[in-house]
Every structure is written in structure tokens, then in C-alpha cells.
Amino acid sequence: MVPSAGSADEAWYDDDAGPVARPYTMTGGRTTSERGRFDLISLVVARRSATSPTSLFPEQARIVELCHHPVSVAEVSAELDLPLGTVRVLLGDLLGAGLVETHEPPSLSELPSQELLESILVGLRAL
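No gaps in the numbering here: position 36 of the sequence shown is 36 in our numbering, and each next residue is one more.
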């Protein structure tokens with residue numbers, strides 16, 4: 001017999017129910033990563049030799065699967081539908097295990113100078 005809508009026995013197993021495990025259980029209660037600093041635009045890629053060990057959380061295995069091509073930290077968070085802080089901790093664990101590597105965005109010293117950008121803008125306006 002199927003329970004009627006609104007009964008106490010009604011089960012809701014759908015996307016609206018949210019994740020089965022709370023984010024703090026995936027991270028062991030940690031809120032920061034001991035390894036690496038992950039900006040929103042940092043690129044994460046699985047190491048070529050990385051295979052998903054069975055000892056990983058399902059979310060970590062999914063990250064390794066997603067990162068066979070470079071993916072930003074923000075994209076990983078959105079794809080897994082997990083908070084950014086949780087994803088950063090999971091990525092730190094994967095980085096420590098040697099399963100992923102990161103490529104940081106360029107630093108301010110590597111960016112073009114203000115003068116160069118202004119001269120490019122002047123040139124574009126002249127077209």
C-alpha cells in the first residue's frame with residue numbers, strides 16, 4: 001500500500017530533499033583546507049595517473065571525475081551543489097592525496113600595466 005499524500009510515513013526521495021550527508025560530515029567538521037588556497041577561478045585538474053580510490057567520499061570521487069579537464073573551483077561547487085567552503089576542504093584533501101593539481105590565477109604583478117590597458121583602449125576607440 002502506498003501512503004497517502006501528507007501522511008507521516010510519506011517518504012521524499014528527490015532532489016528537493018537536499019544532500020543525504022550534511023557538508024560538515026564530508027569535511028570532518030573542518031572549515032578550511034590545510035593544503036592549498038583555492039580562489040574561485042583557480043583551475044583544478046585530475047592528475048593523469050589519478051584513479052578514484054574506493055576510500056573517497058562520493059563527492060570526492062565526483063570531483064576527480066569532473067576534473068579530467070580543467071575546471072574552476074566555482075564550477076566544481078556549482079556542479080556538486082555544495083557550499084564553496086566544503087568544496088575547498090574536499091579539494092585540499094584531494095590535493096594532499098596527489099589526485100588533483102591546481103593552477104592559480106595570475107598574480108597582480110603578472111597582469112598588464114594600467115598604461116598598457118589605457119593605450120589599448122585608446123587604440124580601440126580610434127578604430
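For every residue, glycine included, the Cβ atom is placed at its ideal position computed from N, Cα and C.
Test item: CB-CB of residue i and residue j under 8 Å
i                : j            : result
leucine 95       : glutamine 60 : no
valine 64        : serine 77    : no
phenylalanine 38 : leucine 91   : yes
Boundaries of the beta strand (DSSP E) in which residue i is found, first to last residue
i          : result
leucine 43 : 43-46
The ligand SAH heavy atom lying under 7 Å from the CB of residue i
i                : result
phenylalanine 57 : For the ligand SAH, the structure offers nothing, since it holds no ligand at all.
Contacts around residue i, its chain only, beta-carbon distance under 8 Å, and the 5 residues preceding and following it disregarded
i         : result
serine 72 : Leu40, Ile41, Ser42, Leu43 and Val44
Residues of its chain near residue i, where Cβ-Cβ distance is below 7 Å and the 5 sequence neighbours each way are ignored
i           : result
cysteine 67 : Val44, Val45, Ala46 and Val100
Cβ-based neighbour list, residue i, same chain, cut-off 6 Å, excluding 5 preceding and 5 following
i             : result
leucine 84    : Ser77
histidine 103 : Leu43
In chain order, which beta strand (DSSP E) runs of at least 3 residues are fully inside the region 62-117?
100-103
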